[in-house]
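Undergrad: Order-wise, the sequence lines are chains A and B.
Just so we're aligned, residue 1 is where the first sequence starts under the numbering used here, counting upward by one.
Just so we're aligned, residue 319 is where the second sequence starts under the numbering used here, counting upward by one.
Glycine residues also receive a C-beta, built at the ideal position from the N, C-alpha and C atoms.
Note that this is a predicted model, so its numbers are computed, not measured.
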Amino acid sequence: MKGTFVDFDALFGHLGQHTVDGLSKGSIYALVALGYTLVYGVLRLINFAHSEVFMIGTFTVVGTWSVLGATDSPAIGTVILLLLAGLVAAAAASGATAVAVERIAYRRLRRMNAPPLIFLITAIGLSLVLSEAFGLWQGRLVKGMPTIVERSVLFTIGNTEVTNIQAITVVAALIMMFGLDTFINRTRYGRGVRAVAQNPDTAALMGVNKDRVIALIFLLGGLLAGAAALLYCLRYGNTRFNVGFVLGLKAFTAAVLGGIGNLRGALLGGLLLGIVEVYAATLTSSNWEDVAAFVVLVVVLLFRPTGLLGESLGRARA
Amino acid sequence: MLLEIDNLTLRYGRIEALHGISITVAEGEIVALIGANGAGKTTTMRAVSGLRPVATGSIKFAGEDITNLRADLRVIRGICQSPEGRGIFPGMTVLENLDMGAYTRRDTSAIASDLDRVFGLFPRLAERRKQAGGTLSGGEQQMLAVGRALMARPKLLLLDEPSMGLAPMVIQQIFEIITEINQQGTTILLVEQNAQQALSRAHRAYVLETGKIVQEGTGQDLLTDSRVRDAYLGVA
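Given below as structure tokens:
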């Protein structure tokens, strides 16, 4: 059906294939979206600098692999070592960046009781400073990296081929999501986080150290962004000083789509957004994937302003 | 003295809300703060818990200065508050809300027995333990707020308007429980608009007017005081 604007055969002939690809793309959005949603759920702040937390993760992966002398398609033992080293280094760098951002920029503003707009402007400013700093330091061109994991078909269901990278991405994202959900809902620290989200003053009256909870959520968001950065590197094989801009915007969209402040919403929103993008790209051309993503967002918000799952972390804050 | 507030002033921006108030609470007492809306009762409570920074003056707890201590550390020292408006965590169950009261404690077995005690005082909460805090009625939320504060096993229990918005029968019940908690050994500082109940339950009381203490005395003295009767007890 070449020549028509919308190519249904391309999509429905390989629906499973595109769904799998959408899920793996969406998993990366979901992991970054969790960082936005955690911070928003507790502080009612959109931390636009989170995109740069992710960006720093990708550069850390590149740096770590280059220090360790990674080459294309190394032996399996080396692959595992490189993946682990990349994960640990990126999570540590992104986590540290996120905590530093909170400490240096936001904590002071909180102490001064600054109005919300000031936080937002600070966040955007920080985001620019960080990405431009990396532009100066690492150059403004696309930075490649060795192909650690060669793309190969892991298994086939019907006419749907699942590649190793897609499987790693989805499984890793689900494990981390499950871990975070358990942490927030089942542990004492998690209960402290929910308490601050639902009623910060009463949380303090119960003995919760608010500053520590806030540092903790920035750390968690940063760790997940670092993991997402590794998965991004596996999928795309390159990065750039402004890689965070579009990806951050998409992840933020995913968070809003699922219901910002809601952890499971971030997962749902991320996966859905990934699928919508891949479907749209297949139906028309990849030029339209961003359009489709934001159209879906607008339509969902028209009918459900609180997102698909609504707010949960700070449910009905008194 | 368990709590000594000395010449405390506190500002909201440029407006001074408390103009040098002094209050003491001895161990084992119920002390009531009464006064009209905006007199500074809740502000005083927030200062004692560390939610508002003070301008001048000092707060001492069990002999130690806590004027500038962080709010969460005051809970560890033994001060816990059931705040005005109840401050329930709406998305948490009754049980999780109560567990939040014991957030700073690690003595698991003592926590379990305190939970039993709270359920003994408020059987209603036991029935609803799995229900979300936000879905409880006003009276149940008030019980939850008091029960939660007890879960901290505080030396000093601060109760801000425990009778607010409740039906007369429930008010009676809450005050009976307050007396009972006190007899079990907890010192209580109580803020109330229901002056009749507060004064008849309290050992001592202070009357607050526009950020100043205008009268103090035993609960019985103030109950029979003509100025207090005219202003707060609605008897001519």
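Could you tell me which residues DSSP pairs with B:Glu534 in its beta bridges?
TA: B:Tyr524
Undergrad: Please report the straight-line C-alpha distance between B:Gly529 and B:Arg370, rounded to a whole angstrom.
TA: 15 Å
Undergrad: In whole angstroms, what separates the C-alpha of B:Gly483 from that of B:Arg364?
TA: 20 Å
Undergrad: How long is the line joining the alpha carbons of B:Leu541 and B:Leu517, rounded to whole angstroms?
TA: 6 Å
Undergrad: Give a yes or no on whether the C-beta atoms belonging to A:Thr78 and A:Pro146 are separated by under 8 Å.
TA: no
Undergrad: Residues of chain B with a CB under 7 Å from the CB of A:Arg264: which are they?
TA: The premise fails here: A:Arg264 is roughly 13 Å from chain B at the closest Cβ pair, so nothing lies under 7 Å.
Undergrad: When DSSP builds the beta bridges, which residues end up paired with A:Val319?
TA: Within the shown structure, residues of chain A are numbered from 1 to 318, placing residue 319 of chain A beyond reach of any answer.
Undergrad: Between the alpha carbons of A:Gly95 and A:Ile56, how many angstroms are there, rounded?
TA: 10 Å
Undergrad: Please list the residues of the segment 188-211 of chain A that have a C-beta atom closer than 7 Å to any C-beta atom in chain B, keeping them in chain order.
TA: Cβ contacts with chain B come from Arg191, Gly192, Arg194, Ala195, Gln198, Asn199, Asp201, Thr202, Ala204, Leu205, Met206, Gly207, Val208, Asn209.
Undergrad: Report the rounded CA-to-CA distance for B:Tyr421 versus B:Leu454, giving the unit in angstroms.
TA: 22 Å
Undergrad: Which whole-angstrom value describes the C-beta separation of A:Ala49 and A:Ser127, a residue pair presumed to lie in contact below a C-beta threshold of 8 Å?
TA: 5 Å
Undergrad: Could you tell me the distance, in whole angstroms, from the CA atom of A:Glu52 to the CA atom of A:Ala93?
TA: 11 Å
Undergrad: Can you find a C-beta in chain A that's less than 8 Å from the C-beta of B:Met461?
TA: no
Undergrad: Against chain A, which members of the segment 351-368 of chain B pass a CB distance test of less than 9 Å?
TA: Arg364, Ser367, Gly368
Undergrad: Check each candidate in A:Ala229, A:Thr239, A:Pro74, A:Phe155 and name the one with the smallest Cα separation from A:Gln139.
TA: With the sequence shown as reference, residue 139 of chain A is identified as Gly, and Gln is not the correct amino acid for it. The alpha carbon of A:Gly139 has as its nearest neighbour, out of A:Ala229, A:Thr239, A:Pro74, A:Phe155, the alpha carbon of A:Thr239.
Undergrad: In three-state DSSP terms, what is B:Ile337?
TA: Sequence check: residue 337 of chain B is His here, not Ile. B:His337 falls in the strand class under three-state DSSP.
Undergrad: With B:Gln501 as the anchor, note down where its alpha helix (DSSP H) starts and where it stops.
TA: Unbroken alpha helix (DSSP H) run through B:Gln501: 486-501.
Undergrad: Assess, as a yes-or-no matter, whether the segment 251-263 of chain A is touched by the segment 22-41 of chain A under the definition of 3 or more beta carbon pairs within less than 8 Å.
TA: yes
Undergrad: Using CA coordinates, which residue listed in A:Leu263, A:Val276, A:Leu301, A:Phe178 is at the minimum distance from A:Asp290?
TA: A:Val276
Undergrad: In angstroms with no decimal places, state the Cα-to-Cα distance between B:Val532 and B:Pro486.
TA: 28 Å
Undergrad: Please report how far the alpha carbon of B:Gln491 lies from the alpha carbon of B:Met410, in whole angstroms.
TA: Roughly 25 Å separates the two Cα atoms.
Undergrad: Closest Cβ-Cβ distance between B:Thr528 and chain A: below 8 Å?
TA: no
Undergrad: Where DSSP assigns a beta bridge to A:Phe155, which residues make up the other side?
TA: Beta-bridge pairing links A:Phe155 to A:Val162.
Undergrad: For the segment 446-476 of chain B, list the alpha helix (DSSP H) runs that are entirely contained and at least 4 residues long, ordered along the chain.
TA: 456-468
Undergrad: Enumerate, from N- to C-terminal direction, the unbroken beta strand (DSSP E) stretches of 3 or more residues contained entirely within the segment 392-444 of chain B.
TA: Taking only runs of at least 3 residues, the beta strand (DSSP E) segments lying wholly in the segment 392-444 of chain B are 397-400.
Undergrad: Nearest CA to the CA of B:Tyr550: which residue from B:Ile341, B:Ala357, B:Leu328, B:Leu320?
TA: Comparing Cα positions, the closest option is B:Ala357.
Undergrad: For B:Glu534 and B:Ile489, I'd like the C-alpha separation in whole angstroms.
TA: 24 Å
Undergrad: Span of the beta strand (DSSP E) holding B:Gly353?
TA: 348-353
Undergrad: Taking the C-alpha atoms as reference points, what is the distance between A:Leu272 and A:Ala105?
TA: 33 Å
Undergrad: Could you tell me which of B:Ala467, B:Leu320, B:Pro441, B:Thr374 sits nearest to B:Val349, measuring between CA atoms?
TA: Nearest option by C-alpha distance: B:Leu320.
Undergrad: Where do the N-terminal and C-terminal ends of the alpha helix (DSSP H) with A:Gly57 fall, by residue?
TA: It spans 50-67 - the alpha helix (DSSP H) in which A:Gly57 sits, taken as one unbroken run.
Undergrad: Which residue or residues does DSSP assign as beta-bridge partners of B:Ile323?
TA: Paired residues: B:Ile341, B:Ile377.
Undergrad: Can you tell which of A:Tyr29, A:Ala229, A:Lys250 has its C-alpha closest to the C-alpha of A:Thr60?
TA: Comparing alpha-carbon positions, the option among A:Tyr29, A:Ala229, A:Lys250 lying closest to A:Thr60 turns out to be A:Ala229.
Undergrad: If we count the other Cβ atoms within 10 Å of its Cβ and call it buried at 16 or more, is A:Ile46 buried or exposed?
TA: Flag for A:Ile46 reads buried.
Undergrad: Helix, strand or coil: how does DSSP classify A:Glu132 here?
TA: helix
Undergrad: Under the assumption that A:Leu219 contacts A:Ala98 (Cβ atoms under 8 Å), give the Cβ distance between them as a whole number of angstroms.
TA: 6 Å
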